[in-house]
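Here's the structure we're looking at; comments come further down.
Residue numbers (our numbering): 13 to 342.
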């Protein structure tokens, strides 16, 4: 395990510092297939590997005839936490996959280890909760000073109104949005602009037409960059009051996740709502108001349904008429 982490994943610890070297763990699927895994994934793998290394149950040879039993025992402490259990299982899968490729073992035993069943997350953020959480985001406590954090609440509004996964919103570039000089009449609605992007997960292209509110929000971010004298291709950037390493740089997903989590607790909701829940909130409300649509960029009906937490009743009417002769007895 340690050899895989240090020599293949490229993660070493010297003193109190982490030293990264060449990564030989490659993506197995998706648009980046065959390329080294992304830095956040490397960080997760390294954290998982170190956690497993510290367990006494991790000390067994790759050729152990009882290897399946040993692996199950190693993972068993995390069974009550299925999401983390599956993450550790995935890390072990990459370790054994490398061992197969190196000719150390004939078969990857993780094929026989089942994933833990994870409960489907069905959380719809109420409007009142969303309002309270974003109100707390508007005040940003930074370096012992209260700064204007309106930009953080506006980012949440953008995720909600676009109804996309947060990572797809954070990667938006200003050039991907086009604001029309005059709204275009589409018959049952007016389009004030369009955002063109592709989902990072599937690379499915989406052209999302803006209503007036979304167009105004896009303008707000463009104007925000102008007021801050920030030149960046990205739409969402940190303001000037950040330190030199971060100011004017692209806003990171994890930064906003942490900010949302803190605001959620401050608003009195604990860990009840997550930043990613804004996608389901937006897609559910769009489905209720406009019916079937492709805003989520899903290829299957099953995935569309996954993001629609409220199903309106099917509407129908009857047109059947039936008359029966009645015999009236005298």
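The beta-carbon is built from N, C-alpha and C at its ideal position, and this holds for glycine as well. Here the structure is a predicted model, which is why all the values come from computation and not from measurement.
Residue 206 is a Cβ neighbour of residue 220, given a cutoff of 8 Å.
Excluding residues up to 5 positions away in sequence, 207 and 230 lie with their Cβ nearer than 6 Å to the Cβ of residue 189 in the same chain. Shown here for residue 61: same chain residues with a beta carbon closer than 8 Å to its own, the five before and five after excluded, namely 13, 14, 16, 17, 21, 23, 103 and 107 in chain order. Taking C-alpha positions only, residue 165 is separated from residue 271 by approximately 10 Å. Within its own chain, the residues whose Cβ lies closer than 7 Å to the Cβ of residue 227, once the five positions on either side in sequence are excluded, are 191, 204 and 205, listed in chain order. In this model, residue 63 and residue 240 are separated by some 43 Å (Cα to Cα). Note on residue 146: 16 or more other CB atoms within 10 angstroms of its CB, so buried under the neighbour-count rule. Closest option to residue 32, judged by alpha-carbon separation, among 52, 222, 45 and 284: 52.
DSSP places residue 220 within a strand segment (E or B) once states are collapsed to three.
With a cut-off of 8 Å on Cβ pairs, the stretch 114–127 is in contact with the stretch 73–88, counting three or more such pairs. In the assembly as shown, residue 76 is an exposed residue. Its beta-carbon has fewer than 16 other beta-carbons within 10 Å.
Shortest Cα-Cα distance from residue 288 to any of 169, 223 and 151 involves 169. Residue 175 is positioned such that its CB atom lies closer than 8 Å to that of residue 291. In the DSSP annotation of this structure, the continuous segment of the beta strand (DSSP E) that includes residue 202 starts and ends at 202–210.
Counting only runs of 4 or more residues that sit fully inside the stretch 77–107, the alpha helix (DSSP H) segments are 79–87, in chain order.
DSSP places residue 179 in the uninterrupted alpha helix (DSSP H) bounded by 178–182. In the three-state scheme derived from DSSP, where H, G and I count as helix and E and B as strand, residue 263 is classed as coil.
Secondary structure note for residue 65: its alpha helix (DSSP H) is the uninterrupted segment 51–65. Assigned with DSSP and collapsed to three states, residue 74 falls in coil, not helix or strand. Nearest in C-alpha terms to residue 40, of all of 105, 72 and 98, is 105.
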